[in-house]
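Line order of the protein sequences matches chains A and B. Counting with our numbering, you get residues 161 to 305 for the letters of the first sequence. Counting with our numbering, you get residues 2 to 115 for the letters of the second sequence. Cβ coordinates follow ideal geometry from the N, Cα and C atoms, glycine included.
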Amino acid sequence: MIAPFSRVFQLEARLSAIAAAREFVAQAARDAGLSDDRVNHAQLIVDEHCTNVIEHGYQRESSEHAIVMQCEGGGQRLVITLTDAGKPFNPLTAPDAQLHAISADDSIGGWGIYFIRQLADTLEYEYRDGTNRFTVTLTNRAHPS
Amino acid sequence: MPISLTKIGEVPVIHVSGWIDSSNAPEMATEIRAIVDIELTDHVLIVELSECEYMSSAGLREIVALYKRLAREKRELRLAAPSRRVLDILEMSGLHTVFTLYDSITAAAGAPTR
């Protein structure tokens with residue numbers, strides 16, 4: 161059993177950088193003792209949040225901007241804290257996808273936020289001193305998917 | 002993110018493999034559109050996903066766009082053999098009730114036209 165740990169990963173605000181963040185959080189989730197399903201969920205949550213930060217928070221890809229991810233794990237529990245300096249973007253209040261939207265002419269959006277809300281045990285958000293701080297907790301609890 | 006094309010009779014089968022996320026979903030969509038423009042002469046398009054290891058909402062959004070385009074053209078999108086991980090995301094989104102899913106390419110090709 162791995163002792164409780166805290167690790168930090170920083171990625172450039174580029175969509176192509178998200179794959180490395182997924183790998184990093186997957187290892188952290190495994191080391192924290194999460195099940196394979198929950199490891200997959202951690203990857204999806206980080207992917208979706210980072211995509212939203214780049215596309216909506218920073219509003220463009222840029223090597224000059226960054227997202228910092230801290231993973232604190234142990235005892236079948238992983239706490240992921242993602243910070244960025246983009247526009248205030250609150251994933252807890254942003255609109256999520258509605259299935260009926262598939263019949264509308266508008267492009268579909270918001271699935272990512274919907275998935276994050278479905279998969280996380282807890283979510284916290286704050287904007288302070290120009291920084292978005294989004295904290296997600298994952299355990300091996302039963303989940304809807 | 003390899004995309005490849007085979008055919009069963011006149012029905013194009015697009016095979017999507019690898020990891021589909023926001024960095025490559027637009028490229029996937031462009032490649033699929035090009036195939037559809039050239040190869041789809043009949044009613045049905047099959048997208049086969051057994052080797053698709055991962056799909057984020059960015060990929061899902063492109064599949065939805067494809068579904069809507071084909072529906073407008075009175076054509077039919079059939080998803081065949083989604084991997085466990087892709088099936089999970091389809092079920093979580095509820096889109097498994099919208100798309101027509103088949104266990105295999107053979108089943109997708111053999112189903113009656115709607």
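Taking R174 of chain A as the centre and dropping the five residues before and after it, the same chain places the C-beta of E221 closer than 6 Å to its C-beta, in chain order. Contact of L61 of chain B with chain A by beta-carbon distance below 7 Å involves W271.
The Cβ atoms of R79 of chain B and V37 of chain B lie no closer than 9 Å to each other. Contact check for D207 of chain A against S23 of chain B passes: the beta carbons are separated by less than 9 Å. Bridge partners of M229 of chain A according to DSSP: A:F169 and A:L242.
Taking 7 Å as the Cβ-Cβ cut-off, the stretch 41 to 61 of chain B approaches chain A at S57, S58, A59 and L61, given in chain order. Taking a cut-off of 8 Å for Cβ pairs, the stretch 14 to 22 of chain B and the stretch 56 to 68 of chain B touch, as three or more such pairs fall below it. Within chain B, M93 have C-beta atoms less than 8 Å from the C-beta of Q278 of chain A, given in sequence order.
Rounded to whole angstroms, the separation of the alpha carbons of A66 of chain B and L194 of chain A is 34 Å. With fewer than 16 other Cβ atoms from the protein chains shown falling within 10 Å of its own Cβ, P164 of chain A counts as exposed.
Annotation: the stretch 31 to 68 of chain B contains the following complete segments of the beta strand (DSSP E) (minimum length 3 residues), in chain order: 45 to 49 and 53 to 56. The contact set of E208 of chain A on chain B, defined by CB atoms closer than 7 Å, consists of S57 and S58 in chain order.
T297 of chain A: member of the beta strand (DSSP E) spanning T291 to T299, first to last residue. In the structure shown, V99 of chain B adopts coil according to DSSP, grouped into three states. A contact is defined here as three or more CB-CB pairs under 8 Å, and the stretch 268 to 284 of chain A fails this definition with respect to the stretch 221 to 230 of chain A.
At least one CB atom of chain B sits nearer than 9 Å to the CB of L204 of chain A. Spanning the alpha carbons of V199 of chain A and Y55 of chain B requires a straight line of approximately 13 Å. When the beta-carbon positions are compared, L50 of chain B and A82 of chain B come within less than 9 Å of each other.
Within the stretch 175 to 204 of chain A, the runs of alpha helix (DSSP H) at least 4 residues long that lie entirely inside it are, in chain order, 178 to 191. Sequence-distant Cβ neighbours of A188 of chain A in its own chain, meaning closer than 7 Å and more than five residues away, are R167, C231, G233 and L238.
Between P251 of chain A and Y285 of chain A, the gap from beta carbon to beta carbon is short of 9 Å.
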